[in-house]
Every structure is written in structure tokens, then in C-alpha cells.
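Below: the structure, in C-alpha cells.
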Amino acid sequence: MIGSAAANVKPEPATNHTVMTKSHQSGVATAKQEPVEQKSDIKPDIKPDVKFDMKPDLKPDVRDESGAPEGGFPHLQSLNDAQFGAVTCDNPAVIILAGPGSGKTRVITSRVADLVLRRDVRPENIVVVTFTNKAANEMRERIQKAIGPYMTGRLQMGTFHALCAKLLRKHGYRIELKSNFTIADRQDSEAYMKRIVKAVDPKCTKPTNYLWDISKFKARNQGPADVLNAVSPGAAPWEVRKAQLLADVFTRYQDELKAHNILDFDDLLVYGHQLFMAMPELSDGMHEVLVDEFQDTNAIQYDLTTMMCAKHQHLTIVGDPDQSIYAWRAADVTNLHKVQKLFPAASMIHLEENYRSTQAILQAAHRVISQDKKRIAKQLYTNNPMGHAVFAKGHLNSQREAEFVCNQIRGLVATGQGQIINGDFAVLVRSGYLTRALEEAFVRAKIPHRIIGGMRFYERAEIKDVLAYLRLADNPHDRPSFERVINVPARGIGDTSVGHIIDAANALQISCYDVAKKLANKETVPGIKRISRVKLAEFVAVIEKLREMAAQPDTNVADIIAYLVSATKYEAYLKAKDAKEATTRWENVQELLNTAAQHSASLDDKEEEKNEDDDAMDEDEDEDDDRRDKPTVDTNVPLRSFLNSVSLVSDIDQETDQSKVTISTLHAAKGLEWPVVFVVGADASQLPHSLSTGPAQIEEERRLLYVGMTRAERLLYVTWPERRTRYGGDEATIRSPFLACIDGATFPKTKTLLLTTTSPTVDKSLLEFFTKMRQHQVEHAPNPTGSQPGAAGTPAAPTAKRPLDLDTDLPDLVPVLKKPRPPLAVQGSAPAAGGFTAASQLPRTPTPPSGGGFTSAAALLRTAGAPVAPAKDRRKKKATGAAGAVNAADQVLATKPKRGSAGRKYVSKK
DNA sequence: CCTCTCCCCGTTTTT
DNA sequence: CGGGGAGAGG
Ligand SMILES: Nc1ncnc2c1ncn2[C@@H]1O[C@H](COP(=O)(O)OP(=O)(O)OP(=O)(O)O)[C@@H](O)[C@H]1O
């Protein structure tokens, strides 16, 4: 998995299949405790008995131009022996347990290619489960290089959630689920829950606690009945009472969702599970199942895995117990062992060579993780150089800390002779809100950045408004959406009127929307006397028109949105609400529209591919039969596919942008890598987080730090503030206890880039690394037409027809966030000194003018590969009438940074 | 029915 | 310090 384009293509050892010898072990893997423990309860490694001769007769699909060349299969190069064994292993079940940076993800990717190219498995019979959509996209991009876009497009690839959603849209009727269900996000769920809790447990102040509890049950595929069963016999009366309450809320919650044809995230899995129970034959088409990041699967995902491979029993899982960081949402590391038990004959493969990090980084990380006493030690070494010491130091406060980070980045970029770019850096924090202080500093330092964690694009009010309209049009039973938009813009239908409508809907057993329709048609509805029927009629007319548009199979979703915002005078509404904010909000709407246009365009591509597909090969046997004898009329509605995609993306799915520093939470950094990483805010209140209770949680926090540290390739900084503001106040903190083992400002005792904390200068070894990496990037530019390296899955040049998978391929659905955070006083953001290197200057074919021809300024900037200025600048640009075509950097530099409020409040120590 | 203001609450991590 | 809920006033 890769975090940046930089990481995407990496200098690789000249020798392939490097023979590993223990003598290579260096630094980290202190050989003393290790050797024994692994084999205890584990099958001996089964060496694949494939004698690998590149059978010349094994040709890949002739239609795929990237087939086996004379020199052998490219996908099998650049693998060490252990990786090679894992990739080519013929054992039906393969379990790969290995530490960070050891190439687990690379193995999955290559194995998929191997299955297709060497073993003639049809791509559509391969299921690949990834942890995020982004991981799926990046993997898709890599696989594409080996087997070509056509084959890649046929793979079944995505997160558990995305895969289930897709199956449910198609076969949901088998378990009485309509295919137009809405996927509720967390806010929707909360809104629901609030009302239910109000009715059931009025004095409860935290409805979300219920959601949380319910989610944990669902993660184990359990229902309200299980809540009661879970109460131990001798439980105190209040505990029983609590369980009853929970069960009650749980039941109502599910009923409500069901009644309105809504599924929450967990439901995707729960119903997915039901679907597999009802249709075990689904696994017939799943000849090979591969799951990445298995240590973070929960019980129901484990079950789904076993159900998917029920028929053919071919399963490859990959994981690292040391990187399990999602127990808090019911992930269960022991799923790894469960697979071992289920497949006793599985090949256990350990990858022990780390290719990512320097020895110094690995040593430090190893020290941290070794403090976990219950951990099963495992081998991990690297042939990479020792590199620079890890820099671990406290700072006066969060502001100073952030400035330090900025200074480091600036210094490195400035002295990097153009070889070091912003995309090489990541700043990682424990909690989302900590990104705020960082953002302020970055804006002031004019360093382009993107933020992961925090307010997401699809959670913004204006976006949710528009989406709610669309959802309502797609699924009139979607009550939360109805409630959201019925009075947006204000139609004089407030809480009381809505309440009446809901009551009437409940009484008549129809949807709120139908009630509204009746009222609009002047029909009488029991219980409702005074209501603004005229306004209601306008509203209904809009929705009806939307439905009509959506029903056209060839509608461009962008057109639907365009109609919607004009019919509702949404822009005027935004202006009336808050003139200041209106501009950026409106731009966000435009960005959504733009995204929709791209989505429609990619659907068109897919359609074409499909047709070719049908012509080309009609010997499709077992699978898709039941599609024909059932009414699946509406599965192909562009609007629905758009909404589905939108519901499943998260902000980690943003395409990487080489001109920007990544600011992210530790969790969201899982599986990614950057040349330079800062773990920031590592004080005792954050790591372990002060809310963590119990040893198990503390250990998870430690692993989180470990994951963060092991994201770094060349330089790692771990810093903490000595004072931090909390609730407006200012409190002293201390360095995270996890860091005691890395005592001193630098660890280990080796050369350091920093003698003081002021400004770093790139030294020879570092420069060499970056130069090599850049060279490698240029040589291995993803494709000759020049899509930007790392722009994962971005709709490429018009010529590149991509058989996109409409449900799981979501490359273009995370628009550039226009308005990261409203209250930043400081403006301006520009590429830091040093400029861009060859890699970032690769020509990039602009996105084809899609459907409606809507192109926002941001989109233009983005496709031009230019750094995208943050919201405020763009707003300014609009105001001055210079939309779009201007060079962002010039524009930004013209903006004089104002002194930020953050500057004034440094509190002196003590 | 809408909007403004005041006050209280609480800060993990996310598909 | 910030979001959201409650309550008052237009
Ligand atoms: N045999 C190899 N030769 C050269 N580079 C390699 C090799 N195997 C992996 N790498 C590189 O090492 C880095 C880490 O690989 P990868 O992301 O697959 O590791 P991982 O085990 O999935 O890590 P994590 O557990 O942290 O997600 C990548 O940059 C990858 O290109």
C-alpha cells in the first residue's frame, strides 16, 4: 500500500530475489528472543513446490497487451524469496503474517496478477478485500500495470462494505431488501437515534452511546435478543434494566431503518451476511478470495470471509497483529488465529525484510512495540542504511511544535535541490482536532497541505442538503432526508408541521413524502389542518422532476443537481443565510456537481466496456443467472450508483497530491508511507489517549504509535508539546510514556540531521535517496500519457477506457475540499521554496469535459496538476473575477498573509 | 415559524 | 474554544 506517489515507485535493489541470510540482519531484530516463538502453534512453512519455470505456453489473455513478455512475468520480479513463495504458492490457503513495510500489500497485488496470468483464474472470480476504498484504488492501479486495465476491471475489489453494498443492490430482493436502499452516514444514524432515545429514555443525554453499543453487537452479527442474552445471570438489576433499554432502542432503531429503507454501515455487513445465508451459491463465483489487513476485521467480516470462500476454499489473508488498531470498533486480532484453525493446512508465510524504513527508524519502532509484553515477537530487519537518528523532542506548546514541523519541511525542501517535495511529508496526530493547530501553522507558513480527518467534504451542510434531495428522489421513504430538506430553503414548514406530517405518515403507513404529496394535491390528511400547501406543492414538484430525470437511464447526475439547485434557488438561500460563507459553500456545491459529472462520464466508459465484454465472451456460466429472471430495472440508475459511491467514500480516499503535505490521523495513515514523517502531539494525554481504559486499550494505543512510526521511510520525528490548551485553558503535559524507551533527543546514537531544532540541511545520503527516488519515478511513470504518479484511479486521458467498477471504484468522488475550516484568519498557501521536480511536472492530460460540461475552478487547478490553494484563496480569486485559469501560486502569493490570532497567545512555560 | 443569544457540555480513533 | 440545545423575542 502506498501513501504517496513517491512511495508508489521506489528504487529497488538491482538484484531480484535477493537471497536472505541471517547475516543481513541488522539493528532492530535483536536476535536473542526471536527465533523460537513463531513456530509454536503454527504449521511449518510450506515451501511452494512450484518449480517455477516460466512456462512459455502460459499466455495471458490475448486481448491484454501487457501480457507475458520475453523476459518473464513482470509481476514476479522485484520479489524476495519469501514474497515470491507467497505469491506463487499453490496451497489453496495462504496466511501471511508480517511486519510493517515487508511487502504484504505488494504480495497481494502480485498474487492477484499471478492468479490471472499464470494460473488462468478469471479476474471476475477473484475477490480482493481492502481496508479502504483508497487502498482498493491503489491496488487496482498496481495490478493494472501487470495485467492491464481490461482484466483489472473485472476483479471484484473493494472494502467489505462496498462489496456487500454491491451484492445487496443486485440480490437484495432475496432477503426482502429493496435495491434502492439508502446508506445512512453517522450523522443520519445519530439523528434517528436521538428521536428514539427521546421516546424511550428521555433523560439520556448521550444518544450516541446507544449507537455505539448497538454497533458493537452488529459487528458480531447480533441483534436485540443477544443484548438480553449477554446479561450475565447474576447481574445487578440496573444492569438488566440497562440491557432492556438497549434492546428496546436497538429494536426500534432497526425497525425504523427498515421501514424507511435505510441501511447503516453495519447493516451493510449484517444484511450481506444474511444474503450469503440465503444464497450460498454466491460463493460459487468466488474462486479466490484475498483479504488485506486481516488483523482489523471484526467477527462479521470474518464470517463473511469464510462464506465467500465457502465453495472453493481458496483464501489468502494478510495481516500484522502489531498493527491491529481497531479493536475499539470490535475488530478482533484473533481472527488471524481463527483462520489458522479453519485452514490447518494453510501455508504460513512470514516476511521478515523491511523495505521501507532505515535501520534507525526500525530500531526505534521496535523498541516501542517491544514494550508490549504479551506480544509475539517477530523478525523484522532491513538492508536499508542506518540513516538518521529519530528525532524525539518536546516543544513549548502545540503552536511551537507546529512551527517546528513547518520549519523542518521548509528547510528540507529548500536544501533539497528540487528533489524533495511537499508530497514527501506527512504529519500524523492521534486526534482529529489536533490537525487544527497544524493547519494554522501551515497556512501561515504557506505550505500546501491536505487534511485527512476532521470535517469531511460529504459531511458539510451544503453537500448534505443536496445529497438529501437526491436521496429522497431516489428513495422517497428516506425520512431523514425528507426532514432535512423539507424546509431547505425555508418553506414555512417547521418542526411542528414536520411533526404532524410524520404522525400522519405513521398513522397511514405511508412515507412522509407521500403525505406531502397528498397535501400538495389538496387532499385532506387526518391530523393536519393548517399547512402551507402551496410551498409544499413547490417542493413536491421539484422532487417529482428529479425523479423523472433520474428515471432516464442516460441522465447525467450533474444535470440533476444543476436542476435541483436552480429550482430551489439554493444559491440565494445560502446567501441569505450567511453571505460571507455563501461563496465557499456554493463552490462546494459546484465541486459536487463537477464530481457528479465525472462520475457519469466514468459510467459511460463502463457501459462501453460492458458492451464489448458481452460481445467478446458469452460463455459465462454459473454466475449472473438470476439477474435475468428478476426485475433489476433500477440497479443501473446513474443517480443511485452515484449516491452509493458517495456514501462509501471517506476522506482517506482523496487522491494523493504530490504538491501537498499530508496532515492525517494515525489511524488513517495505516498502510501508507512517506519519506519523512512527523508524529506530532505525542504527549501523555494523547498516547495513550486519556480516555483509554484498561491494559488492552493501552496496548492498542502503543501499537498506534508503532504504526505511525513505521510509516516513515527516511526521516522520523516524534514530538510533543509541554503545554497544551484544553477547553480554552492551558495545561502542562509530559511526553508520552511510550517514548521513554527512546530516551534522549535522538535515537539511536547515530548521525542526526539536527543539532539544534532550528533548520535542517539535507545531507548527502538523504539527497541521494531522494534523487534516486525521483529518477525511479520518472522512469516508471505510471503511463506514457502521463497521469500524475500517485493520482490513484483518477480518470485518465480520454483514450484510456477504463472498465470501472461502479460500486467500488470511487476515484473521483472525493472532491477537493474547498473550505477546510471556516475560522482561519490567515490566508495564503503556496508551494514552498524549491519548486517542483520532474515527477510532479509530468504532463497530465486534462479530464475530458464531461457530460454537463461543468468545471469548477478547483477542478481546473486540479487537473492542471497545479497546487490547489485552500478555500480562502479561491474565494478571493472568485471575488476578483479571476476564475480558474490563473496560476494558483501566483494568486496565492498575491494574497498577503494576515497575522493569525494564534500568534499572540504563546504562554510562557510555567 | 424563524432567529438570535446564552449556556452547558466535552473533546479518540472510522468503514 | 466550539457545537448544539433551550428559551426568548420578532
Ligand atoms: N521485494 C521488494 N523489493 C523492493 N521494494 C519492496 C519489495 N517489497 C516491498 N517493497 C516496498 O516496500 C514498501 C512497503 O511495502 P508494502 O506497502 O507492500 O508493505 P506492507 O507489508 O503492506 O506494509 P504495512 O504493513 O505497513 O502496510 C513499498 O514501498 C514497497 O514498494
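Residue numbers (the working numbering): 1 to 910. Note that CB positions come from ideal geometry on N, CA and C, so glycine has one too.
Could you check if residue i is buried or exposed, using at least 16 other CB atoms within 10 Å of its CB as the buried criterion?
i, result
"D578", "exposed"
"P123", "buried"
"S529", "Sequence inspection shows Lys at residue 529; the Ser mentioned does not correspond to that position. K529 comes out exposed."
"D465", "buried"
"W238", "exposed"
"G319", "buried"
"E548", "exposed"
"I376", "exposed"
"Q301", "buried"
"V390", "buried"
"H780", "exposed"
"K517", "buried"
"G835", "Below a pLDDT of 50, predicted positions are generally treated as unreliable, and G835, at 28, falls in that range; the measurement from the model is reported next regardless. By the 10 Å Cβ count, G835 comes out exposed."
"K872", "Bear in mind that the predicted position of K872 carries a pLDDT of just 31, short of 50, making it unreliable; the figure below should be weighed with that in mind. With 16 or more other Cβ atoms within 10 Å, it is buried."
"V633", "For V633, the pLDDT reaches just 39, beneath the cut-off of 50, and the residue's location in the model is therefore unreliable, leaving the point undetermined."
"D296", "buried"
Just to check my reading of the structure: residue i and residue j have Cβ atoms closer than 8 angstroms, yes? What is that Cβ distance to the nearest angstrom?
i, j, result
"P207", "E190", "7 angstroms"
"V127", "V289", "5 angstroms"
"I409", "F425", "5 angstroms"
"A663", "E439", "Note that residue 663 is Ile in the sequence shown, not Ala. 7 angstroms between Cβ atoms; contact."
"P480", "D188", "5 angstroms"
"A473", "I543", "6 angstroms"
"V911", "I501", "Coverage of the chain is limited to positions 1 through 910, which leaves residue 911 absent and any answer about it impossible."
"G411", "T761", "7 angstroms"
"S692", "I698", "6 angstroms"
"Y513", "F482", "6 angstroms"
"M709", "V679", "6 angstroms"
"N914", "G99", "This structure cannot speak to residue 914, because the chain is shown only from 1 to 910."
"N298", "A219", "4 angstroms"
Can you determine whether any heavy atom of ligand 1 sits closer than 8 angstroms to the C-beta of residue i, and answer yes or no?
i, result
"L716", "no"
"E673", "yes"
"S102", "yes"
"K751", "no"
"R356", "yes"
"D320", "yes"
"S78", "yes"
"G99", "yes"
"L351", "yes"
"K670", "yes"
"R774", "no"
"V249", "no"
Going by C-alpha distance, which of the options is nearest residue i?
i, options, result
"A437", "V107, Q419, F404", "F404"
"I196", "R444, L257, I493, L177", "L257"
"R154", "I214, D730, A360, M286", "M286"
"V227", "T251, L472, G234", "T251"
"R702", "D267, Q686, A572, N229", "Q686"
"Y271", "I361, A247, L167", "L167"
"D303", "S511, Y573, D332", "D332"
"Y570", "R585, V557, T205, N556", "R585"
"P344", "Q313, S324, D372", "Q313"
"M193", "S215, F160, F181", "S215"
"D747", "V661, A364, I486, A414", "Going by the sequence as given, residue 747 is Phe instead of Asp. Comparing Cα-Cα distances from F747 to each of V661, A364, I486, A414, the minimum goes to A364."
"S357", "S102, T761, M308", "S102"
"T750", "C204, Q77, A360", "A360"
So, does the region 456-464 touch the region 579-595, judging by three or more C-beta pairs under 8 angstroms?
yes
Three Cβ pairs or more, each shorter than 8 angstroms: is that satisfied between the region 395-403 and the region 734-747?
no
Does the region 339-353 come within contact of the region 367-377, defined as at least 3 CB pairs closer than 8 angstroms?
no
At a cut of 8 angstroms, does the region 169-177 reach the region 268-283 through at least three beta carbon pairs?
yes
Assess contact between the region 71-85 and the region 346-354, defined as three or more Cβ pairs (one per stretch) separated by less than 8 angstroms. Is contact present?
yes
At least three beta-carbon pairs within less than 8 angstroms, the region 712-727 to the region 677-684:
yes
At a cut of 8 angstroms, does the region 700-714 reach the region 668-682 through at least three beta carbon pairs?
yes
Please determine if the region 566-578 and the region 482-501 are in contact, where contact requires at least 3 C-beta pairs separated by less than 8 angstroms.
yes
Sufficient close CB pairs (3 or more, under 8 angstroms) joining the region 259-275 to the region 237-247:
no
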